[in-house]
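Structure first, commentary second.
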Amino acid sequence: MSTKCDRLCSTDDCMPGTGVYLRHGYIYSSLAGYVLRKNEGEELPVISVVRETEAQLLPDVGAIVTCKVTSINPRFAKVHILYVGSTPLKDRFRGTIRKEDVRATEKDRVETYKSFRPGDIVLAKVISLGDVQSNYLLTTAENELGVVVAHSEAGAQVVSVSSIFLFPSSQEPRWCLSVVYFCFPPLRSPGGVCQ
Numbered sequence: 001m002s003t004k005c006d007r008l009c010s011t012d013d014c015m016p017g018t019g020v021y022l023r024h025g026y027i028y029s030s031l032a033g034y035v036l037r038k039n040e041g042e043e044l045p046v047i048s049v050v051r052e053t054e055a056q057l058l059p060d061v062g063a064i065v066t067c068k069v070t071s072i073n074p075r076f077a078k079v080h081i082l083y084v085g086s087t088p089l090k091d092r093f094r095g096t097i098r099k100e101d102v103r104a105t106e107k108d109r110v111e112t113y114k115s116f117r118p119g120d121i122v123l124a125k126v127i128s129l130g131d132v133q134s135n136y137l138l139t140t141a142e143n144e145l146g147v148v149v150a151h152s153e154a155g156a157q158v159v160s161v162s163s164i165f166l167f168p169s170s171q172e173p174r175w176c177l178s179v180v181y182f183c184f185p186p187l188r189s190p191g192g193v194c195q
C-alpha cells in the first residue's frame, strides 16, 4: 500500500508504470493504492500504483491455485492459472507442474500422461515464482491437491476410485485428489447432481 507522494524507489531499480511520476531520479506514487512490480524479462521491473478496485491478486509461494492443463510432455505439464484461492485472475499466468512435483511418494514411477491431460482442471500449490519466462512452479504432491475435473479422450465423465480416476468406458487412469466431490449434470434436467 502506498499513499500519494510516497517515494517508491530509484529509477536505477525500476521503470515507471501507471499511477507514478518521476522526480530527481526517484519514482513517486501519484495516488493512494497498491504498489505492483512487474518483471519484463531481463529489463528493469515496471513499478505501478493502482487503486484497490484495480489491484490484481498475484499467485505467491504457498498459494493454492486452480489451473487448466494446456499441454503435457514426459517431463512436465503446462497450465494456465485461473484462480488464486477462490479469486479469479484478470490476467493469464502460466505454470509448470514438473514430473517430480506430481506426487509425494514414488516420484520415479510418475508418468505425466497418466497424471494429467490437456483440459483437466487441477488444484495445485505454488512452490516457486519460476524462471525468466514467468512460469510459476507448482506441485500436486499433497492429499488435497490434484485433478478435480477430467474427461477421458472419448469424453466420458470421471469415476473416483481412491486416488485414481477411472473412466468407465476405457478404464483410462488419472491421478486425483484423495477426497473428491463431483457434480455431474443429469441427462434431462438443468443443474448438476453432486455425488
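Letter by letter, the sequence shown follows residues 1 to 195 of the numbering used here.
Don't be surprised by glycine CBs; every beta carbon is placed ideally from N, CA and C.
What you are looking at is a predicted structure, and each value in this text was computed from that prediction instead of being measured.
{"Query": "K78 and T66 closer than 7 Å at C-beta", "Result": "no"}
{"Query": "Distance between V110 and H80 (C-alpha atoms, nearest Å)", "Result": "21 Å"}
{"Query": "DSSP-derived helix/strand/coil call for K4", "Result": "coil"}
{"Query": "For T139 and G121, believed in contact at Cβ under 8 Å, the rounded distance", "Result": "Per the sequence shown, residue 121 should be read as Ile rather than Gly. Not a contact, Cβ separation roughly 16 Å."}
{"Query": "Burial state of A104 (16 or more Cβ within 10 Å)", "Result": "exposed"}
{"Query": "Limits of the alpha helix (DSSP H) - the one that S115 falls within", "Result": "T112 to S115"}
{"Query": "Alpha carbon of K68 to alpha carbon of P74, nearest angstrom", "Result": "18 Å"}
{"Query": "Residue environment, R117, which counts as buried when at least 16 other CB atoms sit within 10 Å", "Result": "buried"}
{"Query": "Proximity below 7 Å, CB of Y113 to CB of I72", "Result": "yes"}
{"Query": "Three-way DSSP call (helix, strand, coil) for R51 in this model", "Result": "coil"}
{"Query": "Three-state class that DSSP yields for R103 in the structure shown", "Result": "coil"}
{"Query": "Rounded Cβ spacing between L129 and Y136 (contact assumed at less than 8 Å)", "Result": "6 Å"}
{"Query": "CB contact check: N135 to chain B, cutoff 7 Å", "Result": "Here there is only one protein chain, and chain B is not present."}
{"Query": "Beta-carbon contacts of Y28 that lie in its chain and below 7 Å, excluding the five residues immediately before and after", "Result": "C5, D6, R7, L8, V20 and Y21"}
{"Query": "Alpha-carbon to alpha-carbon, Y83 and C18", "Result": "Contrary to the premise, residue 18 reads as Thr rather than Cys in this sequence. Roughly 25 Å between the two C-alpha positions."}
{"Query": "Whole-number beta carbon distance between V102 and A141, since they are thought to touch under 8 Å", "Result": "7 Å"}
{"Query": "Contact check, L44 vs M15, beta carbons under 7 Å", "Result": "yes"}
{"Query": "Contact belief for I64 with K125 at Cβ below 8 Å, rounded distance in angstroms", "Result": "6 Å"}
{"Query": "V61 classed as buried or exposed, judged by whether at least 16 other C-beta atoms fall within 10 angstroms", "Result": "exposed"}
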